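Following the working numbering, the numbering of the sequence shown begins with 2 at its first residue and continues without gaps.
Built from N, CA and C at the ideal position, the CB exists for glycine as well.
Model, not experiment: these values are computed from the prediction.
Shown next, in structure tokens, is the structure this report addresses.
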Amino acid sequence: MALATAQQSLESAYRTTGTAVVAAFEPQRKVLQSSSAVILDGRKEVAYGVVISPDGHVLTKASELPTGEGFGVTVDQTVYRPVKVLAVDATWDVALLKVEAAGWVPVTYAPTSAVPQGTWVVANGATTRTARRLLPGIVSAKTREIPATGGAALGVVLKAKSKVLEIDAVNEKSGAKEANLLPGDVIVSIEGRKVKQLADIAEILKDRKAGTTVKLVYRREGKLATVEVRLAARAELFSEQANRNDQMSGDFSPRRSGFPRVMQHDILGSRSVVGGPLLDLEGRCIGMNIARANRSESYAIPVEDLKELAARLMKQAGN
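So, in structure tokens, the structure goes:
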């Protein structure tokens with residue numbers, strides 16, 4: 002009984018999402034209000050974005066993008082439609098968007114992502130129709146690569162007992178689907194190397210990373226064709242039974258591995274809060290949130306990689 006009475010609970014105002022704590026980060030919230038974007042599927046918020054130019058350019062998480070006429074972007078309190086997808090980097094899972102706009106406030110990049118563990122950072126939380134909310138947390142691990150879970154895969158199932166590598170099924174989320182591979186197609190070669198059995202494919206892909214592409218030659222109705230196929234993380238294409246950590250984690254990101262380098266932080270949230278800027282206490286963009294990994298880990302692209310990525314995608318799009 003004495004033990005029970007000795008336990009204390011922190012007042013709600015002073016918890017991570019409490020009013021007193023959130024109020025302390027009001028300067029950072031104002032940056033999120035002007036320099037982060039909300040990605041909309043109709044009226045539903047599906048992701049956030051990073052404002053990188055005054056005239057309507059936004060970076061966001063590519064695999065969370067909606068399709069269809071309801072696709073919109075909100076910056077500050079204004080909703081913009083239509084939205085153009087100018088370029089996509091499959092390795093980082095980042096898309097460059099463009100809307101007709103002027104006078105936006107781009108993020109200010111932090112000089113480095115090399116900050117000590119325990120450093121405070123701030124990201125988008127849920128938002129109201131007019132105002133951004135925020136979530137604070139800390140950098141919780143060293144910057145590192147997150148390899149593709151289970152290795153990289155084409156995203157096809159091969160027909161059993163066939164004497165050739167005939168495709169039996171194509172995963173709807175895969176690069177094979179994007180390349181228009183179909184059941185009945187026969188894989189002939191990958192990266193210029195002939196393949197005759199599953200082991201040949203495994204040998205070629207064993208050191209490849211999710212997000213990269215391979216040149217694949219296939220035969221359809223007696224004719225050969227060549228396509229570029231984006232590789233994806235095997236575990237994210239062919240989901241196995243969720244482990245206990247996943248079962249407790251809530252709404253984590255479908256793609257949460259296969260990134261060249263990430264910062265890890267402990268900001269709470271769901272998959273719908275990825276894509277926006279990660280800010281330091283000076284309101285500078287220290288990274289871009291790219292995945293909600295589990296109940297205690299979120300990943301962000303470090304600012305050095307983000308700046309290079311933004312410049313490359315802008316150049317690719319002709320800007």
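Under the rule that 16 or more other beta-carbon atoms within 10 Å means buried, what is residue i, buried or exposed?
i: Glu27; result: exposed
i: Val165; result: exposed
i: Val297; result: Position check: residue 297 holds Ser in this sequence, whereas Val was assumed. By the 10 Å Cβ count, Ser297 comes out exposed.
i: Ala161; result: exposed
i: Glu237; result: buried
i: Gln242; result: In this prediction, Gln242 scores a pLDDT of 43, lower than 50, which makes its location untrustworthy; the coordinate-derived value is nonetheless stated afterwards. Classification for Gln242: exposed.
i: Ala127; result: exposed
i: Leu307; result: buried
i: Asp281; result: buried
i: Met249; result: Confidence at Met249 is low in this model, with a pLDDT of 49, below 50, so the placement of that residue should be treated as unreliable; the coordinate-derived value is given next. Classification of Met249: exposed, given that the 10 Å Cβ count is below 16.
i: Ala301; result: buried
i: Val80; result: exposed
i: Leu182; result: buried
i: Gly319; result: exposed
i: Ile199; result: The residue asked about is misnamed: residue 199 is Leu in this sequence, not Ile. Its Cβ having fewer than 16 others within 10 Å, Leu199 is exposed.
i: Ala311; result: buried
i: Leu294; result: One point to set straight first is that residue 294 is Ala, not Leu, in the sequence displayed. With 16 or more other Cβ atoms within 10 Å, it is buried.
i: Arg82; result: exposed
i: Pro231; result: Rather than Pro, the amino acid found at residue 231 in this sequence is Arg. With 16 or more Cβ atoms within 10 Å of its Cβ, Arg231 is classed as buried.
Within 9 Å of any Cβ in chain B, is that where the Cβ of residue i sits?
i: Ile147; result: The chain inventory of the structure shown lacks chain B, comprising one protein chain alone.
Considering Cα atoms alone, identify which of the options is closest to residue i.
i: Lys143; options: Cys286, Val165 and Gln118; result: Gln118
i: Ala103; options: Gly57, Tyr81 and Ala88; result: Gly57
i: Val263; options: Leu279, Glu70 and Arg285; result: Leu279
i: Val32; options: Gly223, Ala48, Ser141 and Gly284; result: Gly284
i: Glu192; options: Thr61, Ala91 and Ile202; result: Ile202
i: Thr120; options: Tyr300, His266, Met315 and Ala226; result: His266
i: Val122; options: Thr131, Gly138, Ala132 and Arg133; result: Gly138
i: Gly50; options: Val95, Pro83 and Arg82; result: Val95
i: Ser273; options: Pro107, Thr113, Ala124 and Pro55; result: Ala124
i: Pro148; options: Pro112, Arg82 and Gly259; result: Gly259
i: Arg134; options: Ser175, Ser254, Thr213 and Ala38; result: Ala38
i: Trp105; options: Ile53, Glu146 and Ala132; result: Ile53
i: Ala111; options: Arg313, Lys316, Leu310 and Pro303; result: Pro303
i: Ala91; options: Pro107, Thr213 and Ser114; result: Thr213
i: Ser175; options: Glu146, Arg145 and Arg235; result: Arg235
Between the C-alpha atoms of residue i and residue j, what's the straight-line distance to the nearest angstrom?
i: Glu305; j: Arg256; result: 22 Å
i: Gln34; j: Asn290; result: 16 Å
i: Val116; j: Thr129; result: 31 Å
i: Ala170; j: Lys210; result: 22 Å
i: Ala292; j: Thr109; result: 22 Å
i: Val22; j: Val228; result: 52 Å
i: Lys85; j: Val100; result: 6 Å
i: Arg221; j: Ser271; result: 42 Å
i: Val59; j: Ser163; result: 47 Å
i: Lys197; j: Leu97; result: 39 Å
i: Val47; j: Gly223; result: 43 Å
i: Gly151; j: Val89; result: 24 Å
i: Glu12; j: Thr20; result: 10 Å
i: Thr75; j: Val187; result: 45 Å
i: Leu136; j: Ala180; result: 39 Å
i: Arg30; j: Ala233; result: 35 Å
i: Glu173; j: Glu65; result: 15 Å
i: Ile205; j: Lys62; result: 28 Å
i: Ser190; j: Ile168; result: 13 Å
i: Met2; j: Ser10; result: Note that Met2 scores 45 on pLDDT, short of 50, meaning its location in the model is unreliable and no value can be drawn from it.
i: Pro261; j: Leu269; result: 23 Å
i: Asp208; j: Ala177; result: 19 Å
i: Pro184; j: Trp93; result: 29 Å
i: Ile277; j: Ala226; result: Inspection of the sequence shows that residue 277 is occupied by Gly rather than by Ile. Cα to Cα, Gly277 sits roughly 39 Å from Ala226.
i: Gly288; j: Ser36; result: 13 Å
i: Phe253; j: Arg194; result: 37 Å
i: Val140; j: Lys316; result: 31 Å
i: Gln78; j: Val275; result: 19 Å
In the DSSP assignment, find the unbroken beta strand (DSSP E) run with residue i in it and report its ends.
i: Ser190; result: Val187 to Ile191
i: Ala274; result: Checking the sequence shown, residue 274 turns out to be Val, not Ala. It is not in any beta strand (DSSP E) - Val274 carries neither H nor E in the DSSP assignment.
i: Leu98; result: Val95 to Lys99
i: Asp169; result: Ile168 to Val171
i: Leu225; result: Lys224 to Arg231
i: Ile205; result: Per DSSP, Ile205 belongs to no beta strand (DSSP E); it is in the alpha helix (DSSP H), Leu199 to Leu206.
i: Ala161; result: Run containing Ala161: none; DSSP gives neither H nor E here.
i: Glu46; result: Lys45 to Val52
i: Gly73; result: Phe72 to Val76
i: Arg256; result: No beta strand (DSSP E) holds Arg256; DSSP gives it neither H nor E.
For the alpha helix (DSSP H) containing residue i, name the first residue and the last one.
i: Arg30; result: Glu27 to Ser36
i: Ala311; result: Val304 to Gln317
i: Gly176; result: Gly176 to Glu179
i: Ile147; result: From DSSP, Ile147 is part of no alpha helix (DSSP H) but of the beta strand (DSSP E) over Arg133 to Ile147.
i: Ala292; result: Ala292 -> not in any alpha helix (DSSP H); beta strand (DSSP E) instead, spanning Cys286 to Asn295.
i: Leu238; result: Arg235 to Leu238
Task: the region 210-228 contacting the region 149-160, beta-carbon criterion three pairs below 8 Å - done: yes
Open item on the list: With three or more beta-carbon pairs closer than 8 Å as the criterion, would you say the region 67-75 touches the region 38-53?
Closed with: yes
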